[in-house]
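Asks:
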Amino acid sequence: MANTAAESITPAHVFHIDRTLYTGRPADFTGRPEKEKVTYDLLDKLGIAYQRLDHDPTATIEACHDIDALLETEICKNLFLRNAQKNSFYLLMIPGCKKFRTAVLSKQIGSARLSFAEPEFMEQYLNITPGSVSVLGLMNDKKNRVRLLIDRDILEQEFLGCHPCINTSSLKIRTSDIVNIFLPYIGHSYTLVDLPCDSD
Numbered sequence: 126m127a128n129t130a131a132e133s134i135t136p137a138h139v140f141h142i143d144r145t146l147y148t149g150r151p152a153d154f155t156g157r158p159e160k161e162k163v164t165y166d167l168l169d170k171l172g173i174a175y176q177r178l179d180h181d182p183t184a185t186i187e188a189c190h191d192i193d194a195l196l197e198t199e200i201c202k203n204l205f206l207r208n209a210q211k212n213s214f215y216l217l218m219i220p221g222c223k224k225f226r227t228a229v230l231s232k233q234i235g236s237a238r239l240s241f242a243e244p245e246f247m248e249q250y251l252n253i254t255p256g257s258v259s260v261l262g263l264m265n266d267k268k269n270r271v272r273l274l275i276d277r278d279i280l281e282q283e284f285l286g287c288h289p290c291i292n293t294s295s296l297k298i299r300t301s302d303i304v305n306i307f308l309p310y311i312g313h314s315y316t317l318v319d320l321p322c323d324s325d
């Protein structure tokens, strides 16, 4: 007998979050990539405290909302951008309520029009893949090819949520630890920007 339309539909994958908020690195790294372990190694070396959630790969903004609610952080969007010539690259950190507006941002930083960078540049400079973009990826940018742009509203948040270079875990870290400890150690400065909210 033929399946009805309802019977033939494959159920959508249910996004799973381990709702336990762990302190520090995983006890077992089986199945976890080396770049994730290296990220924890550096945070621990610098004495930066963090809490961790483990979850399925984040593919939707709804999943990000769930994670940030459990972490009790505001959504921070991390966008990897480039100029038209593909010789200048930027990591933009903005609150979830704001949109990337190329005309506004380009004017503030004195650049030509910006657009989203291709995945191969993410891997080349930050050793990350789409969906895993994170300020922590700058630890892999040894030659400072990527310029960090931080929206001023991010700096007003006590904590931020970010991936440890892989999108199957999310970390809650003090914003001041990223700015005052992590960035100076890896030799990266940042440029402050101010993008309008969606309602502006």
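Reminder that position 16 of the sequence shown reads as 141 in this note's numbering, one-by-one numbering, no gaps.
Positions of the beta carbon are idealized from the N, C-alpha and C atoms, including for glycine.
Given the structure is predicted, the values throughout are model-derived calculations rather than measurements.
#1: For Cys287 versus Cys201, is the C-beta distance shorter than 8 Å?
#2: So what's Pro136 in DSSP terms, helix, strand or just coil?
#3: Helix, strand or coil for Asn128? Go by DSSP, reduced to three states.
#4: Under a Cβ-count criterion, where at least 16 other Cβ atoms within 10 Å of its own Cβ denotes burial, should Phe284 be classed as buried or exposed?
#5: Between Glu248 and Pro220, how many whole angstroms is the CB-CB distance? I'm expecting something under 8 Å.
#6: On the three-pair Cβ rule with 8 Å, is the region 291–301 touching the region 189–197?
#7: Give me the Cα-Cα distance between Leu239 and Asn269, rounded to the nearest whole angstrom.
#8: Restricting to Cα atoms, I'd like to know which of Leu261, Pro255, Gly312 and Asn208 is closest to Lys232.
#9: Quick check on DSSP: helix, strand or coil for Gln233?
#10: Can you tell which of Gln176, Glu161 and Pro321 has the C-alpha that lies nearest to the C-alpha of Tyr147?
#11: Hey, Ile274 and Gly262 are a contact pair by Cβ (cut 8 Å); roughly how many whole angstroms apart?
#12: Smallest Cα separation from Asp169: which of Gly149, Ser314 and Ile279?
#13: May I have the straight-line CA-CA distance separating Asp143 from Glu159, to the nearest angstrom?
#14: According to DSSP, is Asn265 helix, strand or coil?
#15: Do Leu273 and the ligand MG come close, with the Cβ less than 7 Å from some heavy atom?
#16: Taking the beta carbon of Thr183 as the centre, do at least 16 other beta carbons fall within 10 Å, making it buried, or is it exposed?
#17: Assign Tyr310 to buried or exposed, taking buried as 16 or more other Cβ atoms, counted over all protein chains shown, within 10 Å of its Cβ.
#18: Output yes or no for whether 8 Å exceeds the beta carbon distance between Pro289 and Thr164.
#19: Which same chain residues end up closer than 8 Å to Ser314 when comparing Cβ atoms and leaving out the 5 residues on each side of it in sequence?
Replies: If we stick to the structure as given:
#1: Yes, these two residues count as a Cβ contact at 8 Å.
#2: Confidence in Pro136 is poor, its pLDDT being 43 and thus under 50, which makes the residue's placement unreliable; the coordinate value appears in the next sentence. DSSP places Pro136 in the coil class of the three-state scheme, outside both helix and strand.
#3: With a pLDDT of only 43 at Asn128, under the threshold of 50, the placement of this residue in the model should not be trusted, and no figure is reported.
#4: Counting every other CB atom within 10 Å of its CB across the protein chains shown gives Phe284 a total of 16 or more, marking it as buried.
#5: Rounded to whole angstroms, the Cβ separation of Glu248 and Pro220 is 26 Å, and the two are not in contact under 8 Å.
#6: Yes: the two stretches touch, three or more of their Cβ pairs being nearer than 8 Å.
#7: Between the alpha carbons of Leu239 and Asn269 lies a gap of roughly 18 Å.
#8: Out of Leu261, Pro255, Gly312 and Asn208, Asn208 has the C-alpha closest to the C-alpha of Lys232.
#9: Helix, per DSSP.
#10: Ranking the options by Cα distance to Tyr147, first place goes to Gln176.
#11: Reading the sequence as shown, one finds Leu at residue 274 and not Ile. With a beta-carbon spacing of about 14 Å, Leu274 and Gly262 fall beyond the 8 Å limit used to define contacts.
#12: Residue nearest to Asp169 within the set Gly149, Ser314 and Ile279 is Gly149 (criterion: CA-CA distance).
#13: One C-alpha to the other measures close to 21 Å.
#14: Note: Asn265 maps to helix in three-state DSSP.
#15: By its list of ligands, the structure shown contains no ligand whatsoever, and the ligand MG lies outside what it can speak to.
#16: Under the 10 Å beta carbon count, Thr183 is surrounded by 16 or more other beta carbons and is classified as buried.
#17: It is exposed - the Cβ of Tyr310 has fewer than 16 other Cβ atoms within 10 Å.
#18: Yes, they are a contact pair.
#19: Sequence-distant Cβ neighbours of Ser314 in its own chain, meaning closer than 8 Å and more than five residues away, are Leu273 and Leu308.
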